[in-house]
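These notes concern the structure reproduced below.
Residue numbers (our numbering): -5 to 280.
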């Protein structure tokens, strides 16, 4: 057996972190190192101590303050976790010569257009969540050369209560579910994103990649597909305006770098959603 790659997953208790832990748990190629709030990424001393003690080959930063309302109300906390945390991991990665995979978001765009956004489009975040995540991207770029920044959209999966859970709970009691018909992006399964990240761990790829599931939909379309796949015939999804959601309206990501380099292809969003819900029913995702 060859030497195992030591992989540190920071934020291992969240959606993506949980998916990565499940994916790598039985792997003979990776030695998993996990942390969550026991090693807060915003604490440079604790981050540095963990890195020096465990000396990972790869650091995956899944940690983040993702509650958009909380980020608006507590901007310093948003920057502390999403920007300072990224900085601390980048500094540690450079010092121990580890690769850093920084997870980012479609919220770095303002959502004002109607065309899919590729890696060469300039970000213009308008929410505090988007601004703090973009600040984290910039700090990673400045502080360590051996990095990959991965932007994804509408991430869901086991680990935290999310959009899929809310729709399923509402559908279970029947009646009307009212959701925006004008918020557009691509729902992305944490399990599907974990597949790309597994590839990136061993590939010699650096830079910026958009990594959403293929295809697009509105929030209402997404909910309709969840309800249909779950078999809740009594639930009705009705379209409304986005309203005060704090989310950018149109953030459909174009996975251009993945496509033109030919390194990987994300699954269709409907296929990934069907696989996730099937896994929940059999106990594979919870």
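The beta-carbon is built from N, C-alpha and C at its ideal position, and this holds for glycine as well.
214 is the residue among 184, 150, 214 whose C-alpha sits nearest the C-alpha of residue 178. Cβ neighbours of residue 231 within its own chain (closer than 7 Å, five residues either side excluded): 171, 173, 214, 217, 218, 221.
Nearest neighbour of residue 202 by Cα position, chosen from 191, 8, 209, 212, turns out to be 191.
Note on residue 93: 16 or more other CB atoms within 10 angstroms of its CB, so buried under the neighbour-count rule.
Excluding its 5 nearest sequence neighbours in each direction, residue 154 has C-beta neighbours in its own chain below 7 Å: 8, 9, listed in chain order. Contact annotation, residue 75 with residue 36: C-beta distance approximately 5 Å; criterion of less than 8 Å satisfied. Distance between residue 116 and residue 136, taken at the CA atoms: about 17 Å.
Rounded to the nearest whole angstrom, the C-alpha separation of residue 67 and residue 12 is 27 Å.
Short of 8 Å from the beta carbon of residue 209, and not among the five residues preceding or following it, lie these beta carbons of its own chain, in chain order: 180, 262, 263, 264.
With respect to residue 186, residue 260 sits close: the two C-beta atoms are nearer than 8 Å. In terms of Cβ geometry, residue 55 and residue 95 form a close pair [threshold 8 Å]. Looking at the DSSP output, residue 229 sits in a beta bridge with 169. The continuous stretches of alpha helix (DSSP H) do not include residue 258, and DSSP gives it neither H nor E.
Burial is judged here by how many other beta carbons sit within 10 angstroms of a residue's own beta carbon; residue 229 has at least 16 and is buried.
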